[in-house]
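Undergrad: Please find one structure pasted underneath; my questions will follow.
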Ligand code: GLP
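Written as structure tokens, this is what we have:
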């Protein structure tokens, strides 16, 4: 793995935006794997500015998102589909038909998971996957568990993830209890993976994921095995790592 040290959130966001824009400039019809949460927001705003200036062109780019809440429609204001449109897609020159997310309203999980894995396969896999990291080490919605799950699957969110994500909802009882998420093989098969981790509340997860053993109890730790994994982290997120990486 490669570690890129950033000063703070803004610096980390610009570095990640630079990596993504380089990918799109080098391969305009690339497949970007995208993430939600607060971590990628700064990178998305930077990319929007560069796109408006004509520095980066998303007209041929395709995207697949990591995850979606089960039970929320694409236009629900807390769905990840809404998040992506509101914070990124609606402000860049991407063709909306080239963007993909799991369908949170499909209750037949076998059908939806097979459909989504086929979407990823038919696109030829992901060129660059962007990841955040949950405070408990989850990536996408691959929660700490006893085994890594390979493909897209439906997960029960852990109490800590429900509590962490409740800040976006009116109250904790409104947070969906389940989500669809890409699996670990989907993520590991991306040709490059870039994780952004910032803030002191990620320091323990970053330490455990990258200075400890590879284990499904700490899902992000599997990235230690990826051949082209880049961690962009700020000083606060690296406070426990020190110079161990
Ligand atoms: C969510 C998402 C993840 C994200 C994580 C961290 O639950 N499913 O993809 O990485 O939480 O979110 P944040 O960046 O807001 O800390």
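Numbering (the working numbering), first residue to last: 2 to 246.
Glycine included, C-beta positions come from ideal geometry on N, C-alpha and C.
Is it true that the CB of residue 181 sits closer than 9 Å to the CB of residue 113?
TA: yes
Undergrad: Alpha helix (DSSP H) containing residue 110: first to last residue?
TA: 110-123
Undergrad: Return the Cβ separation of residue 30 and residue 62 in integer angstroms, given the expectation that the two are a contact with Cβ distance under 8 Å.
TA: 7 Å
Undergrad: Can you check whether the CB of residue 231 is closer than 9 Å to the CB of residue 124?
TA: Residue 124 places its beta carbon 9 Å or farther from that of residue 231.
Undergrad: Alpha carbon to alpha carbon, what distance is there between residue 57 and residue 51?
TA: 6 Å
Undergrad: Ligand 1 heavy atoms versus the CB of residue 33: any closer than 8 Å?
TA: no
Undergrad: Please go through the same chain and pick out, in chain order, the residues whose beta-carbon is closer than 7 Å to the beta-carbon of residue 215, but skip the five residues on each side of it.
TA: 222, 223, 225 and 226
Undergrad: Between the Cα of residue 163 and the Cα atoms of 151, 178, 155 and 171, which residue gives the shortest distance?
TA: Comparing Cα-Cα distances from residue 163 to each of 151, 178, 155 and 171, the minimum goes to 178.
Undergrad: Which same chain residues end up closer than 6 Å to residue 175 when comparing Cβ atoms and leaving out the 5 residues on each side of it in sequence?
TA: none
Undergrad: Roughly how many angstroms separate the alpha carbons of residue 153 and residue 117, rounded to a whole number?
TA: 7 Å
Undergrad: Let me check understanding here. Comparing Cα to Cα, which of 244, 141, 122 and 146 lies closest to residue 68?
TA: 141
Undergrad: Nearest to residue 134 by alpha carbon, out of 47, 24, 48 and 195?
TA: 195
Undergrad: Unbroken beta strand (DSSP E) runs of length 3 or more, entirely within the region 157-185: which are they?
TA: Qualifying beta strand (DSSP E) stretches, in chain order: 179-182.
Undergrad: Can you list, in chain order, the stretches of the beta strand (DSSP E) that have 3 or more residues and sit fully within the region 7-56?
TA: With a minimum length of 3 residues, the continuous beta strand (DSSP E) runs that stay inside the region 7-56 are 32-35.
Undergrad: Please classify residue 225: does DSSP put it in a helix, a strand, or coil?
TA: helix
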